[in-house]
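Respectively, the protein sequence lines represent chains Z and P. With the first sequence counted from 1, adding 1385 to any position gets you the working numbering. With the second sequence counted from 1, adding 459 to any position gets you the working numbering. From the three backbone atoms N, C-alpha and C, an ideal C-beta is built for every residue, glycine too. Just below is one structure, and these are the notes that go with it.
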Amino acid sequence: MKWEVVIGLEVHVQLNTKTKIFSGTSTAFGAEPNTQASAVELAFPGVLPVMNKAVVDKAIRLGLALDARINQKNVFARKNYFYPDLPKGYQISQMELPIVEGGKLVILVGEEEKTVRVTRAHMEEDAGKSLHEDFQGMTGIDLNRAGTPLLEVVSEPDMRSAEEAVAYARTLHTLVTWLGICDGNMQEGSFRVDANVSVRPFGQQEFGTRREIKNLNSFRFLEQAIKYEIQWQIDTLEDGGRVEQATVLFDPDSGETRMMRSKEDAHDYRYFPDPDLLPVRISGAQIEAIRADMPELPGAMKARFVDAFGVSAYDAALLTSSRATAEFFEAVASASAQGKLAANWINGEIAARLNREGKDIGACPISAERLIGLIVRIADNTLSSKLAKQVFDALWESDLTADAIIERDGLKQVSDVGAIEKMVEEAIAANPKAVEEFRAGKEKALNALAGQVMKASKGKANPAQVQDILRQKLS
Amino acid sequence: MTKATLKQLSQQLAAGAVSGVELATQYLDRIEALNPQLNAVITVDRAKTLAEAAAADSARAAGTAGPLAGVPILHKDIFCQQGWKTSCGSRMLDNFISPYDAHVVEQCRAAGLVTLGRANMDEFAMGSSNENSFYGPVKNPWDLNAIPGGSSGGSAAAVAARLAPVATATDTGGSIRQPASHCGVTGIKPTYGVVSRYGMVAFASSLDQGGPIAQTAEDCALMLNVMAGFDERDSTSLERDKEDYTRQLDRPLNGLRVGLPREYFAAGLDADVARIVDEAVSELKKQGAQVVEVSLPNTELSIPAYYVIAPAEASTNLSRYDGVRYGHRAAEYKDLVDMYEKTRAEGFGDEVKRRILVGSYVLSHGYYDAYYLKAQKIRRLIANDFTAAFEQCDVILGPVAPTAAFNLGQLSSDPVQMYLSDIYTLSVNLAGLPGMSVPAGFDRNGRPVGLQIIGNYFSEATMLNVAHQFQLATDWHSRAPAL
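Structure (structure tokens):
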């Protein structure tokens, strides 16, 4: 049977506010356990939550970027369950009236664009962490993370493959870092994904029974987990079994998902409006002020790069994978007036080197200005692509400009017709056999002659000119 | 000196007739002598109290003290107070020493009030008789066989027995007014949001409100000046200009429109209580007040609505008592769930458990609309009743409770009957209005009966004016039990 995969994602985006969502406690990551937990996070008797307004502004930014509706009346609800890293015994979240509803996100799968609908995004507080190692069989509780603001972004079940799910997660990740509302650090848990996965016979209308994979904190794990889960569900069904609704965890070591709790164990969270917090009302003016302050979004910038700089849609998508990359590209492309060259270098050599060295664009040793210097010299034919690569390597290792490197290493391309003619004539004289073959119609023989010229010039001769002059002389 | 009012004590201190340390010592001695029979005070710490008193005396000597500096106060054990056990009447918090001060406690400290100790109360403020305390019941100083009322029974009994000139208290469904009425003292629950709930251990967040219990309305006004005020740490605290609650005390009552809700004088009201309220109304009429009949048609619904909303909020407010971070933890358990279950089974008393169960039930999936949501709609109707009534009158008068204090043990096995006795106080909390109880007489058994004054939102000064004028003409408030 042919199966169709259905995936919806719930992403927990940690907002990068300085203080927690309901207290003035710092949110900085990495402090000693329980040093960033005040009486509020510890849920002492008598403490009360006070809303951090910066959370609302950041949520509105995402809502606008998703082209969603911003609910102007926001109600916080208590989600009740017992767990040691949830000190109040309830999480303050939103149930009815989430701040963001009905948005969409355009993703690129291979070369295809696809729109994924975003159901909602709501504000809530993070829980603490349970540490199961190093406590001789006991569990340690670290409440530093408790009360860190989260936006839970829930998609419609619009994705049909693990690749689409990853593309959605990556696009959302780009967007939240682009907007400056999340640091995007997945290792530190700033962006965590739950995937709801089900399969159904192709053509069937109703959804199959879903299982939810919890807490995936890398794109690789997201992909592996979904692929494993899809195969598991298909195998189960084809073996005549049933998929039961459940929450599962992904084990990166075994590459498998395993059951955490079944539907029968599902909590009744007993949601109700939190009487400690008044509804947060958002004015139209506040929304408009944030709209006016929005940066150009990746989608718009991508389209503009195609239009203004003539780069391909694929290149434009890569260039807008982060705001820093896009800004880097735009600076180089504008100043050099060489959009395609700039795109090739940034998506090619620079991306590869950064990737190899585990750096991001912010840590690129070649500044936009020095890259402009290189591209200008390629465009004006001073450098062949081969020489350009040499200069690029030197730029990476030093602080010199492209011109200074060309000067120092004598890498200027030879475009002087007289000089090239002289080398061509020498090559013709020294290789009568190749000349004869070319004249007999063997095109390849010309390359051998050109190779001799380039060798004689130590690679500096302008290759296009060499070809032209060779053809002239042999015709 | 321990018979004096807050106002008188502040004058004596200002005149240098007595020092804060002397006053504190006298009250501590009286607590030591009389508390064993009353059980109104559950924590005293002589050294801490005397240190606070000495500090107040120094401030007075230095000329930096406010008018109330050196006056002793008793705090209901629901207000977190740094360095003091804050048990909330529960075994669950029997070992909890608060690391911080409630806003109310901070305000009292800033005014130089001297902490005498901590008042007994129904566990987590749940109860109308003070029989639900882990530390045992409080006795009514007028009759040791009678309950003092609850949940602020310790605060009311202590002021009545003159163990303290004033006490802090809280009122979620009548917990200031009903014990004040049963103990023959004056107490006021302000408009919801006037007194910060920060550091006040939560029972039902949308209903809880702190306030004072004292001998007189004037003392209550002075205390409200200390306790009220905006606090940004409580999102439901109201940002308003600071008020002087004494400003209208001396106004004559000429032209005051007094509303008597028909539903408060129907079947179920004890004849003595009815008579005492009538007599109080007559006194106010004599002073020029006009009486109008008003109607609060949804009064009866306040009981079911309250006993859905309050337990719902309580059930989740009390989830934090899980034995993980502070408070009681069971000694032996086999796993996490077992630890939770044993800890909470041991730490909470029956009434608290009953309300957690009811609250969890009414919030559960499938029942939420039928109970919680419906109760919230009734709450709106009750508030609308008051809005309509206050178009016809300035204050509403009525009984606080259907009877004077009942006997200890009389209703403790019949929770529903106990809940029904809250009929006249609950709707005030549901509507968020201010309400107070003023001593107005004694029933056939010699037990005190209070007159309830209900005001419109933020009309505390008007209510205190009515109560003060009533107290100028009567002496119920200055009678003290023989102990």
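At least one CB of chain B closer than 7 Å to the CB of residue i: is that the case?
i	result
V1425/Z	No chain B appears in this structure, whose protein chains are Z and P.
Indicate whether at least one CB of chain P lies closer than 7 Å to the CB of residue i.
i	result
V1494/Z	no
D1653/Z	yes
F1657/Z	yes
N1861/Z	Within the shown structure, residues of chain Z are numbered from 1386 to 1860, placing residue 1861/Z beyond reach of any answer.
K1405/Z	no
V1435/Z	yes
A1439/Z	no
L1482/Z	no
G1431/Z	yes
G1525/Z	no
L1693/Z	A small fix is needed here, since residue 1693/Z is Ala in this sequence, not Leu. A1693/Z does not count as touching chain P.
P1660/Z	yes
A1428/Z	yes
L1622/Z	no
Should residue i be flagged as near chain Z, meaning a C-beta pair shorter than 7 Å?
i	result
S823/P	yes
D667/P	no
D581/P	no
V767/P	no
S634/P	no
A561/P	yes
R906/P	no
T775/P	yes
So what does residue i bridge to, in DSSP terms?
i	result
L856/P	I912/P
S1411/Z	T1404/Z
S1926/Z	Residue 1926/Z lies beyond the range of chain Z shown here (1386 to 1860); nothing can be said about it.
L468/P	Its beta-bridge partners do not exist; DSSP assigns none.
G534/P	For the record, residue 534/P in the displayed sequence is His; it is not Gly. H534/P pairs with R577/P.
I501/P	According to DSSP, which records beta bridges pairwise, I501/P is partnered with nothing at all.
L1601/Z	V1578/Z
Q1635/Z	It should be pointed out that residue 1635/Z corresponds to Phe in this sequence rather than to Gln. In DSSP, F1635/Z forms a bridge with T1642/Z.
H1507/Z	E1537/Z
E1715/Z	DSSP, once it has assigned bridges, lists no residue as partnering E1715/Z.
I422/P	Because residue 422/P is not part of the residues shown, which for chain P are 460 to 942, the question remains open.
Out of the options, which has the shortest C-alpha to C-alpha gap to residue i?
i	options	result
S1575/Z	I1757/Z, H1397/Z, A1819/Z	H1397/Z
L1471/Z	Y780/P, Y792/P, P763/P	Y780/P
N776/P	D1661/Z, L1704/Z, I1672/Z, A1736/Z	D1661/Z
Y1553/Z	A1773/Z, K1499/Z, S1860/Z	K1499/Z
H936/P	V503/P, S587/P, G613/P, A639/P	A639/P
E698/P	G727/P, P711/P, G652/P	G652/P
L1482/Z	N1465/Z, L1535/Z, Q1457/Z	Q1457/Z
S1860/Z	G1826/Z, W1730/Z, A1846/Z	G1826/Z
T1533/Z	L1564/Z, P1434/Z, D1452/Z	P1434/Z
G1431/Z	Q540/P, S872/P, D516/P, G868/P	Q540/P
G643/P	T650/P, Q674/P, V660/P	Q674/P
Verify the contact flag: residue i, CB atom, against every heavy atom of the ligand ZN, threshold strictly below 6 Å.
i	result
V563/P	The ligand ZN is not part of the structure shown, which contains no ligands of any sort.
Determine which residues of the stretch 647-664 of chain P have a Cβ less than 8 Å from any Cβ of chain Z, and write them out in chain order.
-> R656, Y657, G658, M659, V660, A661, A663, S664
Members of the stretch 529-559 of chain P near chain Z, C-beta cut-off 9 Å = I537, F538, C539, T545, C547, L552, F555, S557, P558, Y559
Given 8 Å, three or more beta-carbon pairs between the stretch 838-845 of chain P and the stretch 798-807 of chain P = In short, these stretches do not touch, since the Cβ pair count stays below three.
Please determine if the stretch 601-612 of chain P and the stretch 581-588 of chain P are in contact, where contact requires at least 3 C-beta pairs separated by less than 8 Å.
-> yes
Of all the residues that make up the stretch 691-706 of chain P, which are near chain Z by a beta-carbon distance shorter than 8 Å?
-> Cβ contacts with chain Z: E691, R692, D693, S694, T695.
Touch check for the stretch 924-940 of chain P and the stretch 871-886 of chain P: three-plus C-beta pairs under 8 Å?
-> no
The stretch 507-517 of chain P touching the stretch 594-608 of chain P, judged by at least three CB pairs closer than 8 Å = The stretch 507-517 of chain P, when compared against the stretch 594-608 of chain P, does not touch it at the 8 Å Cβ threshold.
Could you say if the stretch 1607-1626 of chain Z and the stretch 1648-1658 of chain Z meet the contact criterion of at least three C-beta pairs nearer than 8 Å?
-> no
Please determine if the stretch 736-752 of chain P and the stretch 708-720 of chain P are in contact, where contact requires at least 3 C-beta pairs separated by less than 8 Å.
-> yes
Is it true that the stretch 762-771 of chain P meets the stretch 808-823 of chain P, where meeting means three or more beta-carbon pairs spaced less than 8 Å apart?
-> yes
Members of the stretch 800-820 of chain P near chain Z, C-beta cut-off 8 Å | S819
Does the stretch 1560-1568 of chain Z come within contact of the stretch 1441-1453 of chain Z, defined as at least 3 CB pairs closer than 8 Å?
-> Yes: at least three Cβ pairs fall under 8 Å.
Can you give me, in chain order, the residues of the stretch 1626-1649 of chain Z that have a beta carbon less than 8 Å from any beta carbon in chain P?
-> none
Against chain P: residues of the stretch 1448-1477 of chain Z by CB proximity under 7 Å | R1463, N1465, F1467, P1469, P1472, K1473, G1474, Y1475
Could you tell me whether the stretch 1754-1761 of chain Z touches the stretch 1781-1793 of chain Z, where touching means 3 or more Cβ pairs closer than 8 Å?
-> yes
Closer than 9 Å, Cβ to Cβ, to anything on chain Z: give me those residues from the stretch 782-797 of chain P, in chain order.
-> Per Cβ criterion, the list reads V783, R784, Y785, G786, L795, V796.
The stretch 1537-1568 of chain Z: which residues have C-beta closer than 7 Å to a C-beta of chain P, in chain order?
-> none
Are at least three pairs of beta-carbons, each pair with one atom in the stretch 684-698 of chain P and one in the stretch 712-726 of chain P, less than 8 Å apart?
-> no
Taking three-plus beta-carbon pairs below 8 Å as touching, is the stretch 559-576 of chain P in contact with the stretch 656-670 of chain P?
-> Yes: the two stretches touch, three or more of their Cβ pairs being nearer than 8 Å.
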